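Using full-length UniProt numbering, read the sequence shown as starting at 1 and increasing by one per residue.
Cβ atoms here follow ideal geometry from the backbone N, Cα and C, with glycine treated the same way.
The model shown is predicted, which means the values in this text are computed figures rather than measured ones.
Since the structure comes first, as structure tokens, the remarks are kept for the end.
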Amino acid sequence: MAVSFAVNRPLLPSPLAPSQPKLKFPSRSFAIRCSSSPFTDKTLISLQPTTVSNPNNPFVCHARRARAPFGGQETNQQYVEAYAVGRHIRTSADKARRVIDQIRGRPYEETLMILELMPYRACEPILKIVFSAGANASNNLGLSKSSLVISKAEVNEGKTMKRMRPRAQGRAYQIKKRSCHIAITVKGVPSDTAVEAKAA
1 MAVSFAVNRP LLPSPLAPSQ PKLKFPSRSF AIRCSSSPFT DKTLISLQPT
51 TVSNPNNPFV CHARRARAPF GGQETNQQYV EAYAVGRHIR TSADKARRVI
101 DQIRGRPYEE TLMILELMPY RACEPILKIV FSAGANASNN LGLSKSSLVI
151 SKAEVNEGKT MKRMRPRAQG RAYQIKKRSC HIAITVKGVP SDTAVEAKAA
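Here you go:
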């Protein structure tokens with residue numbers, strides 16, 4: 001009785017055609033240079049060669065962080081700022097910074113949308129402060145809200161109210177009710193009519 005065995009052999013890749021150029025990998029791995037701050041959608045990543053080697057080699061590159069110009073506009077324009085401050089906000093500074101770090105450097109209208117959708121309690125007082133800063137820029141400086149950007153956002157610790165909590169066997173634990181001060185600054189380009197009215 002004859003027995004036949006079938007051997008499964010993996011398919012080998014076909015050799016490259018002569019017309020198709022071979023890719024040359026670099027002799028050493030590419031390096032990524034960045035700071036401790038995370039990448040955001042406001043960060044542009046530009047590629048530049050690390051060594052002077054074959055210009056046809058597409059793999060010799062590294063990531064470099066480069067900040068985009070403010071608002072995507074020319075940097076030689078004059079910007080004006082308006083700010084609003086909220087004092088003695090009944091939340092801890094750490095919980096407020098968790099929200100503030102997400103809106104710093106973003107456009108005004110995008111900031112409002114983010115604060116309305118984030119699930120943190122600190123978003124409500126921060127949203128009111130952003131509204132107030134936008135109103136100050138619009139009414140006092142004549143800026144268009146569509147051109148505003150959150151240029152500065154700071155959170156500082158405020159007063160801490162100390163309360164006592166009774167515990168077993170006559171002991172007392174301490175309750176710390178923390179507060180913080182929030183300052184938000186918006187920056188924008190004044191319109192031509194606002195500049196003319198101010199000059200007059």
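Exposed or buried, Val189, counting other C-beta atoms within 10 Å across all chains shown (16 or more means buried)?
-> buried
Buried versus exposed, by CB contacts within 10 Å (16 or more), Lys187 = buried
Spatial neighbours of Arg106 in its chain, beta-carbon cut-off 8 Å, leaving aside the 5 residues before and after | Lys42, Ile114, Val149 and Ile150
Sorted by chain position, which residues of the same chain lie with C-beta nearer than 6 Å to Thr40's C-beta, five sequence neighbours on each side aside?
-> Residue placement at Thr40 is poorly supported in this model, since its pLDDT is 44, which falls under 50; the coordinates still yield a value, given next. Answer for Thr40: no residue qualifies.
When DSSP labels each residue in this structure, what does Gly170 get in the three-state scheme?
-> helix
Leaving out the 5 sequence neighbours to the left and right, which residues in its chain are closer than 7 Å to Cys180 when beta-carbon positions are compared?
-> Ile89, Thr91, Ser92, Ala93, Ala96, Val155, Asn156, Glu157 and Gly158
Could you work out which residue in Ile103, Arg121, Pro119 and Ile175 is closest to Thr160 when comparing CA atoms only?
-> Ile175
How do the region 138-146 and the region 118-125 stand: do at least 3 beta-carbon pairs fall below 8 Å, yes or no?
-> no
For Gly188, which residues does DSSP report across the bridge?
-> Val80
Reduced DSSP category for Met164 - H, G, I as helix; E, B as strand; rest coil | strand
Ignore the nearest five residues each way along the sequence and tell me which others in Arg87's own chain have a CB closer than 6 Å to its CB.
-> His181
List the whole-angstrom C-beta distance separating Thr185 from Ala133, where the pair is believed to meet the contact cut-off of C-beta under 8 Å.
-> 7 Å
Measure from the alpha carbon of Val80 to the alpha carbon of each residue in Thr111, Ser138, Tyr173 and Ala172, then state which is nearest.
-> Ser138
In terms of DSSP beta bridges, what is Pro107 paired with?
-> Val149
Alpha helix (DSSP H) segment containing Lys128, residue limits = Cys123 to Leu141
Cutoff 8 Å; reference Lys162; Cβ partners in own chain excluding five residues on either side | Gln174, Ile175, Lys176 and Lys177
Determine the direct distance from the alpha carbon of Arg104 to that of residue 201, and round the result to whole angstroms.
-> Nothing can be reported for residue 201: it is not among the residues displayed for the chain, which extend from 1 to 200.
Would you grab the beta carbon distance between Asn140 and Ala82 for me? Rounded to a whole angstrom, and I think it's under 8 Å.
-> 6 Å
Would DSSP call Lys159 helix, strand or coil?
-> coil
Which of helix, strand or coil DSSP assigns to Arg90 = coil
Leaving out five residues before and five after Glu110 in sequence, what residues of the same chain have Cβ atoms less than 8 Å from its Cβ?
-> none
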